[in-house]
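Numbering (my numbering), first residue to last: 705 to 1443. Even glycine gets a Cβ: it sits at the ideal position worked out from N, Cα and C. The block underneath contains the structure these notes are about, expressed in structure tokens.
As structure tokens, this is what we get:
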């Protein structure tokens, strides 16, 4: 297991766990109907949705103490104890003041009644659901079933919109697929070349990262494309350290050189693809010398990487959010798909195409329909024949199921959105959505919010009703990993207090809104999923013991599928489509006022919005404080020492955060982790959206840095000198003590 699985499971027993349903004070039931009747005192004190807390933008302005140590530089610990992680990140007691404890009957009755009220008075599209990549397939299936069959809208989405939706858009257009073609074990044991783009695998996917290290040890060549000098970049045979947002130029230049050297797989192109002539024309201007001037990667290095990848003979292609979280994310992934298709690096054992997934069930949640344009198995909601299949299975009239694709996460919270009510299961959009200040303000205007979660998150504190759900350890169900492997997990412990399993909550809520839902357990839900999901037709809980099954699983005797596309693609004629892409610059670039590129992402010890990992004692003790990475020369020029507080300002907002001096980032670039409410990266990020996938541009925005204090000047270090290296600045910073 990775560090989170081995040392970070104690969040499930954290004292912050929600143990009983809660209703916002002011909701009353009279004559069988719920109404919002706050007292004058409550209205004056908190308004409709506020409470005794700082909004995220205000919290971003608070002073941040310097970190106790810098794991990237292996500095010694200081003497001061870190303290109890539970005291640092526990939900403040005051956050509970706007709520009262409720019975399950009250809470579910309120949720069901308000969902039906909004449906009947404002129309089905006035409701939306955020589903969860941390919940099981069975739970995600039931939630989309409830929304579509009982409410009549397709407004359901989850965090895939913010991570790999542009991969899905590009893969659907090119190959009519949405999942990895191969298996992790083939990359470890068979691939000759491993090309990793925008994926910090050893930190974000450490078990797979270890497999890649083993592959390199047996002789596989490693190419890494990343603006940061991450661990795998340091290990790589070739590191393509391009400027942020210039991926299209880099990949088009590699394709240009492959054509120029005659390294393309002519037989594969002729028999398995369309559009080769248009692609040749599209990449013709992208000579490696031209790419050098835009990307910053030397032309010779681009040529070397292109030849190594094309000659393989078995090259695996892996990517993650460094490619996808751009307003041109679909274009970037498209150029990568062009590269693997013209070299024939797909459909063979050892030549895997793999968008590396992050959350434990982000693949499965999409597979079972928690996305606005598709039913389970990516069957389109616009197709009347598909609609009939699901209407018959769910025993509802066909006209109940909408033929109109729903709104995506990033569209639901836009100005002018028709959404008036929101049901959130296991997501924390106020921290994870782009432009947090807008997202938090948008919640204030909703008529009704219900949240089903483990903790009173930054989102849950704005809810009308809070339903305490179950952690991974308290449920039985299935998840799907990055290689399409469906795996069964079993309940190990009971939920605390009166908290219920998420499946149990959704079954009862479905019945209360008038959708017959007779399931007794998750195994019965899986049986229905298999009936309506062609690629899962042979899946059942009984068959998932041991290592699980990789879909497609065609029938009850099928062994699963190790790799896909050996003979054709799931398109009308079995061929993939090559799509030429022109480079478009990031939506905003640095200038004199905002001279730095800001990039965001994950740290090894924390996860997403930190809701769980910051309540895991060992993990939080390792990374207790929000910090951002800054190149040591930039730090020296600004007079900044390791741990100093710095104000980062973008064109949208500003926040204070401590600096971590590191050679991993290039000059005039910074890296900000996404996990910390008190220094929320998405206060600053650009909400510009990809036109196809509607994914925001998390990876590139322009910022200005301003030291809050200059500790170096106070202790007499000449930090302005370029001779002040990363190590001596850091060592002397220890002398300065802690503010």
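Judged by beta-carbon spacing, residue 882 lies within the 8 Å limit of residue 876, meaning their Cβ atoms are closer than that value.
Judged by DSSP secondary structure, residue 757 falls outside any alpha helix (DSSP H); it is assigned neither H nor E. Here the alpha carbon of residue 872 sits roughly 13 Å from the alpha carbon of residue 1395. Residue 1282 sits in coil when the DSSP states are folded into three classes, being neither helix nor strand. If you check the CB distance, residue 1271 and residue 1111 do not come in under 8 Å.
Taking a contact to require three or more Cβ pairs closer than 8 Å, the stretch 828–839 and the stretch 1081–1089 do not qualify as touching. Around the C-beta of residue 1239, 16 or more other C-beta atoms lie within 10 Å, and the residue is accordingly described as buried. One thing to note: residue 1248 has its Cβ within 8 Å of the Cβ of residue 1190. Listed in chain order, the non-local C-beta contacts of residue 708 below 7 Å within the same chain comprise 1311, 1317, 1323, local neighbours out to five positions each way being set aside. Taking a 10 Å sphere around the C-beta of residue 705, we find fewer than 16 other C-beta atoms and assign the residue as exposed. Cβ-Cβ separation between residue 1405 and residue 1390: approximately 4 Å, consistent with a contact (criterion under 8 Å). Unbroken beta strand (DSSP E) runs of no fewer than 3 residues, entirely contained in the stretch 1003–1054, are found at 1019–1023, following chain order. At a Cβ-Cβ threshold of 8 Å, residue 1344 and residue 1363 count as neighbours.
Rounded to whole angstroms, the gap between the alpha carbons of residue 766 and residue 1297 is 23 Å. Taking a contact as a CB-CB distance under 8 Å, the pair residue 1156 and residue 1211 does not count as one, their CB atoms being some 13 Å apart. Residue 1333 sits in a strand when the DSSP states are folded into three classes. Nearest in C-alpha terms to residue 820, of all of 1285, 1373, 1126, is 1126. By the Cβ criterion, the stretch 996–1014 is in contact with the stretch 947–964, since at least three pairs of Cβ atoms, one from each stretch, lie closer than 8 Å.
Here the alpha carbon of residue 933 sits roughly 26 Å from the alpha carbon of residue 1049. If you draw a 10 Å sphere on the C-beta of residue 1230, you find 16 or more other C-beta atoms in it, and that means buried. Three or more beta-carbon pairs drawn from the stretch 1041–1060 and the stretch 1271–1290 are found closer than 8 Å, and the two stretches are therefore classed as touching. Straight-line spacing of the CA atoms in residue 1224 and residue 1214 works out to 13 Å.
Non-local beta-carbon contacts of residue 1206 in its own chain, meaning distances under 6 Å to residues more than five positions away in sequence, involve 839, 843, 1173, 1174 in chain order. Here DSSP, grouped into helix, strand and coil, assigns residue 1316 to coil. If only complete runs of 4 or more residues are kept, the stretch 847–932 shows the alpha helix (DSSP H) at 869–879, 888–893, 905–908, 910–922, in order along the chain. With contacts defined by Cβ atoms closer than 8 Å, residue 1168 and residue 727 form a contacting pair. Taking a contact as a CB-CB distance under 8 Å, the pair residue 887 and residue 1266 counts as one, their CB atoms being some 5 Å apart. In its chain, beyond the 5 residues on either side, 1112, 1113, 1114, 1398, 1399 have a beta carbon closer than 7 Å to the beta carbon of residue 865. Setting aside the 5 residues that flank it on each side, residue 854 is surrounded in the same chain by 1214, 1217, 1218, 1219, each with a C-beta closer than 7 Å to its C-beta; the list follows chain order.
Residue 724 holds the alpha-carbon nearest to the alpha-carbon of residue 1199 among 724, 711, 710, 712. Contact between residue 1358 and residue 1352 holds: their C-beta atoms lie close to 6 Å from each other, under 8 Å. Rounded to the nearest angstrom, the gap between the Cα atoms of residue 924 and residue 1016 is 10 Å. With contacts defined as CB atoms closer than 8 Å, residue 1030 and residue 1401 qualify as a contacting pair.
Rounded to whole angstroms, the gap between the alpha carbons of residue 1355 and residue 1408 is 9 Å.
With fewer than 16 other CB atoms across the displayed protein chains lying within 10 angstroms of its CB, residue 809 is exposed.
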